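Enquirer:
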Amino acid sequence: MNKKVLIVGGVAGGASCAARLRRLDEEAEIIIFERGEHVSYANCGLPYRVGGEIESRDALLVLKTEFLRDRFKADVRLLSEVVSIDRKKKRVTVKELQSGRTYEESYDTLVLATGSSPLRPDIPGITSPRVATLWTVEDAECIRAMIEQKSIESAVVVGGGFIGLETAENLHAAGVKVTLIEALDQVMTPLDFEMAQLLHERIRDAGVELILGDAVSSFRDEAGGVLLELKSGKSVGAQLAILSIGVRPNCELARGAGLKVNERGGVVTDAAQRTSDPCIFAVGDVTEVEEFVMKGRAMIPLAGPSNKQGRVAADNIAGVGARYGGTQGTSIARVFGLAAAATGMNEKKLQKLGLEKGRDYESLIIAQKSHAGYYPGWTPLTLKLVFSLKDRRILGAQAVGGGADKRIDTISAAMRFGASVGDLKELEFAYAPPFSSAKDPVNMAGYVAENLLAGLVRFCPWDEMERNPEALLIEVREERELAAYKAPGALHIPLGKLRERLGELEKYRGGEIIILCAIGARAYTAARILAQHGFENVSVYPGGAVLYRAVHHRARRG
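Residues 1 to 558 in full-length UniProt numbering are what the sequence shown spells out, letter by letter.
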């Protein structure tokens, strides 16, 4: 007897599951229920449609309904919402949203790919037509039409996550005056604060008003727009507000069926993507899965893992057998032309788990170039690496700047195969001046980690000057380099003059000395010189002058 498989949700995980299952089982009856108008649309591309970078609405429709029907022999039912599950009878109740008719459908196996929805907290005025979300193709088309018709000249984006940042960038590129509000003290939480400061600097330099550490307390319609009252007492007006403050799993169906759901609404699954009912699988944003690095349970709503989970579920339904290996949270966003990427754990997450820097883990930040510095067109790259002191295993990485994608992809792959931080220096990269450097930034991270573990270098915390204002900061760059930026209060001693000017530093011998240069290489050399002349409390400022400027000065404007 042919197997009957119902898939609830036809976007990323659901469509992947259907396609894989058909390739494995030609005879299975596959029915996809999708409450929206489209299956498998590119929701990650919606901000770029808003800005006009993606020119056609049709480009967002990755798989057309006809494609799934014709190639994969799937019965696709759009505008059809599964409203309940009878696990005992193995039947679902379906509501046709256009006609209102309800009917039942039996199943042998059920797959929940219900995804997530944008958060809309209970804030006064949030139901205003001037308060929108960007979640569907229709949402993107509506906002794009406003821009083309010039009916909005100003907008407020609430939320500094991936979608919020990309939406702000695309609205700005389309000529809209943008204000970005984030309740936390930083945007893009996969990054640690000091790395996010590089983005804050870029956002403000682009002319966008960035408000951090403040939240919306109410929305109020006013003539031609909406007024946002903030908890600080400040108010911001615009013609449109776009909410992008996170997502919640669409868990109502699973919860109503009595499946095991965590406190945040994530459907609990095993490595086969099975729920607490062996006949029901769940994939994508609605699920709780294993976090790869620390092996805890997590909810990480990303498109790549959703597609992988759909494939794993299909394999197990077909009897092939497969296990989902966990999610690292590898992610990237373009933020006003600047790439920002991350994988694995950051320091904030580790500290929440009770881990302590210097005891359990260590981190480093290096400033590099996207490719060989002598070849035209290079751009800065700041790379952060976090690793275990117990076994030297890589725990996570973050990168901001040119070539951030391939460096994070490389480290993500290394982590997946259990690499230690020392393994990074052994990796061999394709090299030519337009593409990289003979020592790739990933190699450099491995070299620096080796020096750190050997006790040859110590990095101070990025905010050490605030923690210890008595510390001496020494700039070892050349005079000509200081014209663009010099750290206020720093003592300037070019590296080539350091040995002959050691006498000036005798009065600081018992205090803390921090060395700063452009990217860290000269600072390391200076620190080694001082260490070998008996200066014991010497550290290098991580990330060089680029990071120092971002975290101490320019990024704090406004």
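Positions of the beta carbon are idealized from the N, C-alpha and C atoms, including for glycine.
In this text the structure is predicted, and so the values were computed from the model without any measurement.
1. Quick one: grab the DSSP three-state call for Gln351.
2. When the Cβ atoms of the stretch 474-482 are set against those of the stretch 514-521, are three or more pairs found closer than 8 angstroms?
3. Taking its Cβ as the centre, do 16 or more other Cβ atoms sit within 10 Å of Gly161, making it buried, or is it exposed?
4. So Phe429 is in the beta strand (DSSP E); what residue range does that whole segment cover?
5. For the beta strand (DSSP E) that Tyr361 lies in, which residues bound it at each end?
6. Please classify Pro488: is it buried, with 16 or more other beta-carbons within 10 angstroms of its beta-carbon, or exposed?
7. To the nearest whole angstrom, what separates the beta carbons of Leu134 and Thr167, a pair I think is in contact under 8 angstroms?
8. Quick one: is Asp122 buried, meaning 16 or more other Cβ sit within 10 Å of its Cβ, or exposed?
9. Whole angstroms is fine: what's the gap from Ala140's alpha carbon to Glu291's?
10. For the putative contact between Ile493 and Arg480, defined by C-beta atoms under 8 angstroms, what is the C-beta separation to the nearest angstrom?
11. Here's a check: name, in chain order, each residue in its chain whose Cβ is nearer than 7 angstroms to the Cβ of Phe336, leaving out the five neighbours to either side.
12. I need the straight-line Cα distance from Val178 to Leu60, nearest angstrom please.
13. For Leu334 and Lys89, what's the separation of their Cα atoms in angstroms?
14. Assign Leu119 to buried or exposed, taking buried as 16 or more other Cβ atoms, counted over all protein chains shown, within 10 Å of its Cβ.
15. For the alpha helix (DSSP H) containing Phe281, list its first residue and its last residue.
16. Which whole-angstrom value describes the C-beta separation of Lys348 and Tyr324, a residue pair presumed to lie in contact below a C-beta threshold of 8 angstroms?
17. Beta-carbon within less than 8 angstroms of Val546's beta-carbon, same chain only, minus the 5 sequence neighbours each way: which residues are those?
18. Looking at the secondary structure, which residues open and close the beta strand (DSSP E) in which Ser116 lies?
19. Looking at the unbroken beta strand (DSSP E) that takes in Tyr103, where does it start and where does it end?
20. Compare the C-alpha of Ser244 against each of Val11, Tyr524, Glu470, Pro47 and name the closest.
21. Straight-line CA distance for Tyr485 to Glu478?
22. To the nearest angstrom, how far is it from the Cα of Gly558 to the Cα of His200?
23. What residue does the beta strand (DSSP E) around Gly344 start on, and which one ends it?
24. Looking at C-alpha atoms only, which residue of Ala414, Gly418, Pro434 is the closest neighbour of Glu428?
25. With 16 as the cutoff for other CB atoms within 10 Å, does Cys17 come out buried or exposed?
26. Report the rounded CA-to-CA distance for Arg556 versus Gly310, giving the unit in angstroms.
27. Helix, strand or coil for Gln197, going by three-state DSSP, please let me know.
28. Measure the CB-CB distance between Ser388 and Gln328 and report whether it falls below 8 angstroms.
29. Is Ala483 closer than 8 angstroms to Ala12 when the C-beta atoms are compared?
30. Helix or strand or just coil, what does DSSP make of Pro488?
31. For Thr327, list the residues DSSP reports as bridge partners.
32. Drop a sphere of 10 angstroms on the beta-carbon of Lys497, count the other beta-carbons inside from all chains shown, and report buried for 16 or more, exposed for fewer.
33. Can you grab the Cα-Cα spacing for the pair Gly455 / Ala449, in whole Å?
Expert: Taking the structure as given:
1. In the sequence shown, counting from the first residue as 1, residue 351 sits at position 351. Correct three-state label for Gln351: helix.
2. Between the stretch 474-482 and the stretch 514-521 there are three or more C-beta pairs closer than 8 angstroms, enough to call the two in contact.
3. Here residue 161 is taken as the residue at index 161 of the sequence shown, counted from 1. It is buried - the Cβ of Gly161 has at least 16 other Cβ atoms within 10 Å.
4. Against the sequence shown, residue 429 aligns to sequence position 429. For Phe429, there is no enclosing beta strand (DSSP E), since its DSSP letter is neither H nor E.
5. As a first step, residue 361 must be located in the sequence shown, where it is residue number 361. It spans 361-369 - the beta strand (DSSP E) in which Tyr361 sits, taken as one unbroken run.
6. Mapped onto the sequence shown, residue 488 falls at position 488. Its Cβ having fewer than 16 others within 10 Å, Pro488 is exposed.
7. Walking along the sequence shown from the start, residue 134 turns up at place 134. Walking along the sequence shown from the start, residue 167 turns up at place 167. Yes, they are in contact, since the Cβ atoms of Leu134 and Thr167 sit about 6 angstroms apart, within 8 angstroms.
8. In the sequence shown, the residue the question calls residue 122 occupies position 122. So Asp122 counts as exposed.
9. Residue mapping note: residue 140 aligns to position 140 of the sequence shown, counting from 1. Residue mapping note: residue 291 aligns to position 291 of the sequence shown, counting from 1. Rounded to the nearest angstrom, the gap between the Cα atoms of Ala140 and Glu291 is 32 angstroms.
10. The count along the sequence shown starts at 1 and reaches residue 493 at position 493. The count along the sequence shown starts at 1 and reaches residue 480 at position 480. About 15 angstroms; that fails the 8 angstroms criterion.
11. Translated into positions along the sequence shown, residue 336 becomes position 336. Correct list, in chain order: Glu169, Arg202, Ile203, Ala206.
12. Within the sequence shown, the letter at position 178 stands for residue 178. Within the sequence shown, the letter at position 60 stands for residue 60. Approximately 25 angstroms between the Cα atoms of the pair.
13. One-based indexing of the sequence shown puts residue 334 at position 334. One-based indexing of the sequence shown puts residue 89 at position 89. Before going further, note that residue 334 is Arg rather than Leu in the sequence given. Approximately 48 angstroms, taken between the alpha carbons.
14. In the sequence shown, counting from the first residue as 1, residue 119 sits at position 119. When all chains shown are included, Leu119 counts as exposed.
15. On the sequence shown, residue 281 is found 281 positions in, with the first residue counted as 1. In the DSSP annotation of this structure, Phe281 is not part of any alpha helix (DSSP H); the continuous beta strand (DSSP E) holding it starts and ends at 280-282.
16. As a first step, residue 348 must be located in the sequence shown, where it is residue number 348. As a first step, residue 324 must be located in the sequence shown, where it is residue number 324. Wrong, their Cβ atoms sit about 25 angstroms apart, outside the cutoff.
17. Numbered from its first residue, the sequence shown carries residue 546 at position 546. Leu198, Ala367, Pro380, Thr382, Ala518, Ile519.
18. Translated into the one-based positions of the sequence shown, residue 116 becomes position 116. Note, Ser116: beta strand (DSSP E), 116-118.
19. By one-based count along the sequence shown, residue 103 stands at place 103. Start and end: 102-106.
20. To locate residue 244, count along the sequence shown from 1; it is residue 244. That would be Pro47, whose Cα lies nearest to the Cα of Ser244.
21. Here residue 485 is taken as the residue at index 485 of the sequence shown, counted from 1. Here residue 478 is taken as the residue at index 478 of the sequence shown, counted from 1. Tyr485 and Glu478 have their C-alpha atoms roughly 12 angstroms apart.
22. Here residue 558 corresponds to residue number 558 of the sequence shown, with the count starting at 1. Here residue 200 corresponds to residue number 200 of the sequence shown, with the count starting at 1. Legend: pLDDT at Gly558 = 41, less than 50; position of this residue unreliable, value from coordinates given subsequently. Cα-Cα distance, rounded: 11 angstroms.
23. What you label residue 344 is simply residue 344 of the sequence shown in a count that begins at 1. 338-344 is the span of the beta strand (DSSP E), which, as asked, contains Gly344.
24. Taking the sequence shown and counting its residues from 1, the one referred to as residue 428 is at position 428. Checking every option, the nearest Cα to that of Glu428 belongs to Ala414.
25. The sequence position of residue 17 within the sequence shown is 17, counting from 1. Cys17 is classed as buried because its beta carbon has at least 16 other beta carbons within 10 Å across all chains shown.
26. Taking the first residue of the sequence shown as position 1, residue 556 is located at position 556. Taking the first residue of the sequence shown as position 1, residue 310 is located at position 310. Legend: pLDDT at Arg556 = 45, less than 50; position of this residue unreliable, value from coordinates given subsequently. Cα to Cα, the separation comes out at about 43 angstroms.
27. Residue numbering aside, residue 197 sits at position 197 when the sequence shown is read from its first letter. Gln197: helix per DSSP, three-state reduction.
28. By 1-based counting over the sequence shown, the position of residue 388 is 388. By 1-based counting over the sequence shown, the position of residue 328 is 328. For Ser388 and Gln328, no; Cβs fall outside 8 angstroms.
29. For this step, residue 12 is matched to residue 12 along the sequence shown. For this step, residue 483 is matched to residue 483 along the sequence shown. No, they are not a contact pair.
30. In the sequence shown, counting from the first residue as 1, residue 488 sits at position 488. DSSP places Pro488 in coil when its eight states are reduced to three.
31. Taking the first residue of the sequence shown as position 1, residue 327 is located at position 327. Note: Thr327 sits in a beta bridge opposite Glu291.
32. In the sequence shown, the residue the question calls residue 497 occupies position 497. Around the Cβ of Lys497, a 10 Å sphere holds fewer than 16 other Cβ atoms; the residue is exposed.
33. As a working note, residue 455 is residue 455 in the sequence shown. As a working note, residue 449 is residue 449 in the sequence shown. A direct Cα-to-Cα measurement between Gly455 and Ala449 gives close to 10 angstroms.
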